[in-house]
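Shown next, in structure tokens, is the structure this report addresses.
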Amino acid sequence: MKPSQEQQVWMYKHMLVSRFFEEVIEKIYMEGKSPAFNMANGPIPGEMHLSNGQEPCAVGVCAHLTAEDVVTSTHRPHHVAIAKGVDLKAMAAEIFGKKTGLSGGRGGHMHIFDPKVNFSCSGIIGQSVGPAVGAALSRVMQKKSGIAVAYLGEGAANQGAFHEALNMAGVWKLPVIFIIEDNSWGISVSKRASTAIDRNSDRAVAYGMPGEFIAGNDPVAIFDVVGEAIARARNGEGPTLIEIETSRLAGHFMGDGETYRPAGEKEALQKIDPIPVMKQRLLDEGILTDATDAALIEEAHAAVDAAIQFARDSEYAAPEEAMEKVFV
């Protein structure tokens with residue numbers, strides 16, 4: 001299932017928006033956090049997990065989805081949220097803790113919720129799988145259209161909730177796709193040190209579903225494999241477990257010293273950064289020209305700049321609003 005030229009341009013554009021958004025967020029996050037790093041300081045307090053390098057995992061999947069399809073993501077959610085169509089201005093405001101944010105500034109960057117496009121995420125490892133299975137079950141019970149997609153990291157595949165959720169999805173043949181973003185690191189622990197098998201996708205057979213492994217962090221290959229899995233899900237043929245080889249170009253979180261990485265690993269990953277790789281492919285195939293590429297870059301920067309400005313200009317909620325909507 002090869003993507004059309006329009007779909008490939010769409011994927012590239014959303015990869016650009018995600019990368020530019022995080023580059024700006026990274027700079028703003030560090031404001032007020034020097035000379036001594038304190039994550040409580042600055043306009044964006046708390047932890048910050050960047051998804052740069054993992055953009056193909058988002059666009060290759062979300063290019064197939066509609067607003068009615070449910071996506072649950074992880075504590076590293078920006079790329080998926082952007083590809084799913086989450087409002088960029090409201091997401092930026094949420095990250096800044098502003099009243100105009102998706103949750104009025106209550107959730108921050110690890111708790112992004114946008115019911116308009118059925119997107120949510122959580123800071124709890126492995127938390128995405130249960131809600132996705134529940135969403136898929138609700139679609140079946142209510143005879144509604146739409147599927148569910150759960151994103152998780154390779155480390156989360158060792159959580160008990162992962163196995164419980166896959167078992168239920170397999171028993172009930174639910175329309176849910178499990179996407180494992182395998183970036184080789186669970187915080188600072190390598191996959192080799194934490195997981196008994198090389199590929200988590202091999203675990204699919206234990207739960208009566210197909211398992212697929214996609215190498216190379218290639219959005220076109222992801223589009224192909226995921227497209228077939230989604231078609232099966234929409235056809236009532238049940239779930240699929242897909243593991244995508246990807247790369248985390250930054251640390252686990254902003255401020256991570258990354259001393260656990262082997263020498264030269266980050267430099268090697270930078271050489272296969274998926275965005276310039278995708279750009280070159282589109283240029284080589286005549287899908288992009290230098291002029292159209294420049295226009296897409298300008299458009300992406302403009303969207304990000306507008307979102308950041310909206311967030312900076314927005315007001316904080318009044319202190320007395322802190323307990324509102326907490327128990328809704």
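Residue numbers are given in full-length UniProt numbering: position 195 of the sequence shown equals residue 195, and the series is strictly consecutive.
Glycine included, every Cβ here is placed at the ideal spot set by N, Cα and C.
Here the structure is a predicted model, which means the values were calculated and not measured.
Chain-order list of residues whose beta-carbon lies under 6 Å from that of residue i (same chain, five-residue window excluded)
{"i": "Arg281", "result": "none"}
{"i": "Ala58", "result": "His79, Val80, Ala83"}
{"i": "Cys62", "result": "Ala83, Lys84"}
{"i": "Phe213", "result": "Arg199, Ser201, Glu243"}
{"i": "Ile25", "result": "none"}
{"i": "Lys33", "result": "Asn41, Gly42"}
Test: residue i CB closer than 8 Å to a CB of chain B
{"i": "Gly186", "result": "In the structure shown, chain B cannot be found, because there is only a single protein chain."}
Residue i burial status per 10 Å Cβ neighbour count (16 or more: buried)
{"i": "Ile197", "result": "exposed"}
{"i": "Phe37", "result": "exposed"}
{"i": "Ile179", "result": "buried"}
{"i": "Val326", "result": "exposed"}
{"i": "Gly101", "result": "buried"}
{"i": "Met323", "result": "exposed"}
{"i": "Pro315", "result": "Checking the displayed sequence, the identity of residue 315 turns out to be Glu instead of Pro. Per the 10 Å Cβ criterion, exposed."}
{"i": "Thr292", "result": "exposed"}
{"i": "Ser128", "result": "buried"}
{"i": "Ile272", "result": "exposed"}
{"i": "Gln8", "result": "buried"}
{"i": "Met48", "result": "buried"}
{"i": "Ser247", "result": "buried"}
{"i": "Asp305", "result": "exposed"}
{"i": "Gln54", "result": "buried"}
{"i": "Asn235", "result": "exposed"}
{"i": "Met110", "result": "buried"}
{"i": "Ser4", "result": "exposed"}
{"i": "Val226", "result": "buried"}
{"i": "Thr72", "result": "buried"}
{"i": "Arg312", "result": "exposed"}
{"i": "Glu22", "result": "buried"}
{"i": "Gly257", "result": "exposed"}
CB-CB length for residue i against residue j, believed under 8 Å
{"i": "Pro175", "j": "Met209", "result": "12 Å between Cβ atoms; not a contact."}
{"i": "Asp114", "j": "Asp87", "result": "6 Å"}
{"i": "Leu16", "j": "Ile287", "result": "Actually they do not touch by this definition, with Cβ atoms about 15 Å apart."}
{"i": "Leu50", "j": "Met254", "result": "7 Å"}
{"i": "Ile222", "j": "Pro35", "result": "About 42 Å separates the two Cβ atoms, so there is no contact after all."}
{"i": "Lys13", "j": "Ala300", "result": "6 Å"}
{"i": "Ala302", "j": "Lys89", "result": "Not a contact, Cβ separation roughly 12 Å."}
{"i": "Ile230", "j": "Ile147", "result": "6 Å"}
{"i": "Gly153", "j": "Thr74", "result": "6 Å"}
{"i": "Val149", "j": "Leu65", "result": "7 Å"}
{"i": "Val205", "j": "Gly211", "result": "6 Å"}
{"i": "Glu245", "j": "Gly216", "result": "6 Å"}
For residue i, the three-state DSSP class (helix, strand or coil)
{"i": "Leu241", "result": "strand"}
{"i": "Glu181", "result": "strand"}
{"i": "Asp87", "result": "coil"}
{"i": "Phe21", "result": "helix"}
{"i": "Ile125", "result": "coil"}
{"i": "Ser201", "result": "helix"}
{"i": "Gly186", "result": "strand"}
{"i": "Ile214", "result": "strand"}
{"i": "Tyr29", "result": "helix"}
{"i": "Ala63", "result": "coil"}
{"i": "Ser194", "result": "helix"}
{"i": "Ala148", "result": "strand"}
{"i": "Gly130", "result": "helix"}
{"i": "Thr72", "result": "strand"}
{"i": "Val176", "result": "strand"}
{"i": "Asn41", "result": "coil"}
{"i": "Ile287", "result": "coil"}
{"i": "Glu298", "result": "helix"}
{"i": "His163", "result": "helix"}
{"i": "Asp256", "result": "coil"}
{"i": "Pro35", "result": "coil"}
{"i": "His49", "result": "coil"}
{"i": "Lys271", "result": "helix"}
{"i": "Thr292", "result": "helix"}
Same chain only: Cβ atoms within 7 Å of residue i, ignoring 5 sequence neighbours per side
{"i": "residue 345", "result": "Given a span of 1 to 328 for the chain in the structure shown, any question on residue 345 remains unanswerable."}
{"i": "Asp224", "result": "Met1, Lys2"}
{"i": "Gly130", "result": "Ala161, Ala165"}
{"i": "Ser184", "result": "Ser190, Lys191"}
{"i": "Lys99", "result": "Gly105, Ser314, Glu315, Tyr316, Ala317"}
{"i": "Gly46", "result": "Met39, Gly108"}
{"i": "residue 331", "result": "Limits of the chain in this structure are 1 at one end and 328 at the other, which puts residue 331 out of reach."}
{"i": "Tyr260", "result": "Ser188"}
{"i": "Ile297", "result": "Leu16"}
Spatial neighbours of residue i in its chain, beta-carbon cut-off 8 Å, leaving aside the 5 residues before and after
{"i": "Ser194", "result": "Gly155, Asn158, Gly186"}
{"i": "Glu228", "result": "Met1"}
{"i": "Asp290", "result": "Leu283"}
{"i": "Trp10", "result": "Val59, Ala63"}
{"i": "Ala67", "result": "Gly85, Lys116, Val117, Asn118"}
Residue(s) in a DSSP beta bridge with residue i
{"i": "Asp114", "result": "Phe119"}
{"i": "Pro153", "result": "Residue identity differs from the one stated: residue 153 is Gly in this sequence, not Pro. Paired residue(s): Glu181."}
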